[in-house]
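**Student:** Take this structure, written in structure tokens, and hold onto it; I'll ask about it next.
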Amino acid sequence: MSPVTAGVLQLLALISALALAYRPLGDHMARVYSAEKHYRPEKWIYRAIGADPSASMHWPAYLRGVLAFSVVGVLFLYALQRLQGALPGSLGFVSIDPDQAFNTAASFVANTNWQSYYGEQAMGHVVQTGGLAVQNFVSAAVGMAVAVALVRGFSRFRTGELGNFWTDLVRGTVRILLPISVVGAIVLVACGVIQNFSGIHDVGQFTGGTQQWNGGAVASQEVIKELGTNGGGYFNANSAHPFENPTPFTNLFEIFLILLIPSALTRTFGRMVGNLRQGYAILATMATIWLSFTALMMWTEFAHHGPALQIAGGAMEGKETRFGIGGSAVFAVATTLTSTGAVNSFHSSYTGLGGGITMLGMQLGEIAPGGVGSGLYGMLVMAVIAVFIAGLMVGRTPEYLGKKIGIRQVKLAACYILVTPALVLCFTAVAMALPTPADSMTNSGAHGFSEILYAYTSGANNNGSAFAGLNADTQWFNTTIGIAMLLGRFLPIVFVLALAGSLAEQRPVPATSGTLRTDKPLYAGLLVGTILIITGLTYFPALALGPLAEGLAT
């Protein structure tokens, strides 16, 4: 079987699995966020944190809950890292330096999971399991809660109430993320992913010394790493490490986990607004972008330029022979079109255009299908912009799902889409202008610029993957990327919740013969075009200096 055929078959198997899970999971999540009954363990949690699950919140109160919970998470994770040297189960590792502890705390709370450290050489069992793995669950649940709040903004009328943040947070964790993670962890353990609490031990004698490995609760962290679109690996090699991703089957299973909830949330959206066709339109938009990017990535990496690539069957540099180009390309697109950031190959070693595709996937806003929760609310914001553009073209007040899209809604949507480009481009410009940050680049020229641009693109878009080659463990990068991650996560959430509140306050607008049908292929095509045009106008100059220049030169 040729590598191309194998890659296509993997892609078809992945799509089939997602299609089978789409309806039951999407309906289940709609029931979870619409249910009136609270389970007994959930009541214990509410009592412990002092929350009233029956109190409905307007958007400022919902936002205060998101921010308060996240601030506590940052402080707790920072303290845990700073105290690691005194904690049991630290495996002898010392406490984490202040700048790196801040970067890591901001990273995992913001659902970014950017790592400027070697996991197996820096973090003990307590920090890995009690700190990082816990944030993998709750940061994903926060994103899902915000998405559901925006959906309620579309589905509710004449009220500013968006539900209860604490209820949404707990239910997302207990009823969705935990059950799937338990089953997924069992599958990974059965396929060879390790799960233990062993210490550091020698694995063999090599020239110049011995090689050492430490164990850990890898399977349980690996499953929520992918399911929650987190991406932070237990080991530095991430999903290229055989302890995290040992076989082609686990590789495909992990891609399935990455795409599972973001794609199924479109059905949840359709179910909660009372029109499944609206969910299908959003899914079609996401699928069009994802399939296009996957096809482009496979084409660039399978292209045979030169005898070395012809012998290897494609651009195999930086890729695992266990997965090949097909499995690596699909993983790379899945992880950068979502906010996952896990890697099973090194994006810096991709062809110039291939590396540009991974970067562009993040710059789109990671909305195809995007992160857990963040992908849906990002796509719905773009849907508001597309409806506004359509209204301008036909000369009537734009409407979406029975809501008028007025000045306030457009301003909030515009602020949302401007936050991350401003962070990415400003931080990249400053880093390139100052002498010290440039010293961290391994490469010069277009590829070196791509290293810096990719780092801030990954941080501000809450992706977390790295281009490799950049020494990001410096005070400058730890601090600035940490700031970019926090601002890139929570400023958009402010605008999303404000938009949800403004929509929930409106009266229903009856559909007329002039109302744009947002559940038709024409609108899905308009939405795809809007996304590509906005991203192209924003990032094209920067991409032209980096991956495009490198790709055209080879």
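Heads up: the sequence shown begins at -3 in the working numbering, then just goes up one per residue. Don't be surprised by glycine CBs; every beta carbon is placed ideally from N, CA and C.
Would a C-beta distance cut-off of 9 Å place residue 384 and residue 415 closer than the cut-off?
**Tutor:** Taking 9 Å as the Cβ cut-off, residue 384 and residue 415 do not qualify as a contacting pair.
**Student:** For a minimum of 4 consecutive residues, which ranges assigned as the alpha helix (DSSP H) are wholly contained in the region 313 to 339?
**Tutor:** Correct list: 320 to 333.
**Student:** Rounded to whole angstroms, how far is the Cβ of residue 343 from the Cβ of residue 239, which I believe are closer than 8 Å?
**Tutor:** About 21 Å; that fails the 8 Å criterion.
**Student:** Do the CB positions of residue 145 and residue 251 come within less than 9 Å of each other?
**Tutor:** No, these two residues do not count as a Cβ contact at 9 Å.
**Student:** Considering Cα atoms alone, identify which of 83, 524, 419, 261 is closest to residue 488.
**Tutor:** Of 83, 524, 419, 261, the residue nearest in Cα terms is 419.
**Student:** Determine whether the beta carbon atoms of residue 157 and residue 500 lie at a separation below 9 Å.
**Tutor:** Yes, the pair counts as a contact, with Cβ atoms nearer than the cut-off.
**Student:** Per DSSP, residue 93 is paired with what?
**Tutor:** Answer by DSSP bridge pairing: none, since residue 93 is not bridged.
**Student:** Should the region 126 to 141 be called in touch with the region 212 to 219, which here means at least 3 C-beta pairs below 8 Å?
**Tutor:** Touching, yes, given that three or more Cβ pairs across the two stretches are closer than 8 Å.
**Student:** Nearest CA to the CA of residue 475: which residue from 97, 29, 14?
**Tutor:** Answer by Cα proximity: 97.
**Student:** Whole angstroms are fine: how far does the CA of residue 411 sit from the CA of residue 275?
**Tutor:** Whole-angstrom Cα-Cα distance: 24 Å.
**Student:** Among the residues of its own chain, which have a CB less than 7 Å from the CB of residue 544, if the five just before and after it don't count?
**Tutor:** Counting only Cβ-Cβ distances below 7 Å, and skipping sequence neighbours, we find 352.
**Student:** Based on the DSSP output, what are the partners of residue 395 in its beta bridges?
**Tutor:** Per DSSP, 400.
**Student:** Over the uninterrupted alpha helix (DSSP H) stretch that includes residue 179, give me the two end residues.
**Tutor:** Note, residue 179: alpha helix (DSSP H), 174 to 186.
**Student:** Per DSSP, residue 191 is paired with what?
**Tutor:** Paired residue(s): none; residue 191 is not in a bridge.
**Student:** Under 6 Å Cβ to Cβ from residue 266, same chain only, skipping five residues before and after it: list those, please.
**Tutor:** Correct list, in chain order: 272, 274, 275.
**Student:** Taking the C-alpha atoms as reference points, what is the distance between residue 375 and residue 529?
**Tutor:** Each residue's alpha carbon lies about 14 Å from the other.
**Student:** So what does DSSP say about residue 469, is it helix, strand or coil?
**Tutor:** Coil, per DSSP.
**Student:** Give every residue of the same chain whose Cβ lies closer than 7 Å to the Cβ of residue 55, excluding the five residues on either side of it in the sequence, and list them in chain order.
**Tutor:** Around residue 55: 156, 158, 493, 494, 496, 497.
**Student:** Is it a yes or a no for the region 358 to 375 touching the region 245 to 262, going by three-plus beta-carbon pairs under 8 Å?
**Tutor:** Short answer: they touch.
**Student:** Considering only the beta carbon of each residue, do residue -1 and residue 465 sit closer than 9 Å?
**Tutor:** No, Cβ-Cβ distance for residue -1 and residue 465 is not below 9 Å.
**Student:** Per DSSP, what are the beta-bridge partners of residue 54 in this structure?
**Tutor:** Residue 54 is bridged to 157.
**Student:** Could you pull out every residue in the same chain whose Cβ sits closer than 7 Å to the Cβ of residue 297, ignoring the five residues on either side in sequence?
**Tutor:** Correct list, in chain order: 310, 311, 321, 325, 346, 347, 350.
**Student:** With DSSP as the reference, label residue 237 as helix, strand or coil.
**Tutor:** The answer is coil: DSSP assigns residue 237 none of H, G, I, E or B.
**Student:** Which residues in the same chain have their Cβ closer than 6 Å to the Cβ of residue 531, if we skip the five residues on either side of it in sequence?
**Tutor:** Cβ neighbours of residue 531 beyond the five flanking positions: 359, 360.
**Student:** If contacts are defined as beta-carbon pairs under 8 Å, then residue 141 and residue 369 qualify, I think. What distance do you get, rounded to the angstrom?
**Tutor:** At roughly 7 Å, the Cβ-Cβ gap stays under 8 Å, so residue 141 and residue 369 are in contact.
**Student:** How do the region 179 to 188 and the region 69 to 78 stand: do at least 3 beta-carbon pairs fall below 8 Å, yes or no?
**Tutor:** No, because fewer than three Cβ pairs between the region 179 to 188 and the region 69 to 78 fall closer than 8 Å, the two stretches do not touch.
**Student:** For a test of the three-state rule: what should DSSP assign to residue 45, helix, strand or coil?
**Tutor:** Of the three classes helix, strand and coil, the one that applies to residue 45 here is helix, per DSSP.
**Student:** Thinking C-beta only, is residue 153 closer than 9 Å to residue 504?
**Tutor:** In this structure, residue 153 lies closer than 9 Å to residue 504 by Cβ.
**Student:** Evaluate residue 245 with the Cβ neighbour count: other Cβ atoms within 10 Å of its Cβ, from every protein chain shown; 16 or more gives buried, anything less gives exposed.
**Tutor:** Classification for residue 245: exposed.
**Student:** Would you list the one or two residues that DSSP bridges to residue 132?
**Tutor:** Residue 132 is not bridged to any residue.
**Student:** Identify the continuous alpha helix (DSSP H) that holds residue 535 and give its terminal residues.
**Tutor:** From DSSP, the alpha helix (DSSP H) with residue 535 extends over 517 to 541.
**Student:** For residue 232, which residues of its own chain have a beta-carbon under 7 Å away from its beta-carbon, when the five flanking residues on both sides are left out?
**Tutor:** Closer than 7 Å at Cβ, skipping near neighbours: 114, 115, 116.
**Student:** Identify the continuous alpha helix (DSSP H) that holds residue 33 and give its terminal residues.
**Tutor:** Residue 33 -> no alpha helix (DSSP H), and no H or E assigned at all.
**Student:** Among the residues of its own chain, which have a CB less than 6 Å from the CB of residue 542, if the five just before and after it don't count?
**Tutor:** Same-chain partners within the cutoff: 442, 445, 446, 449.
**Student:** Locate the alpha helix (DSSP H) running through residue 217, then write down its first and last residues.
**Tutor:** Segment 214 to 223, the alpha helix (DSSP H) holding residue 217.
**Student:** In whole angstroms, give me the CA-to-CA distance for residue 373 and residue 199.
**Tutor:** Cα to Cα, residue 373 sits roughly 46 Å from residue 199.
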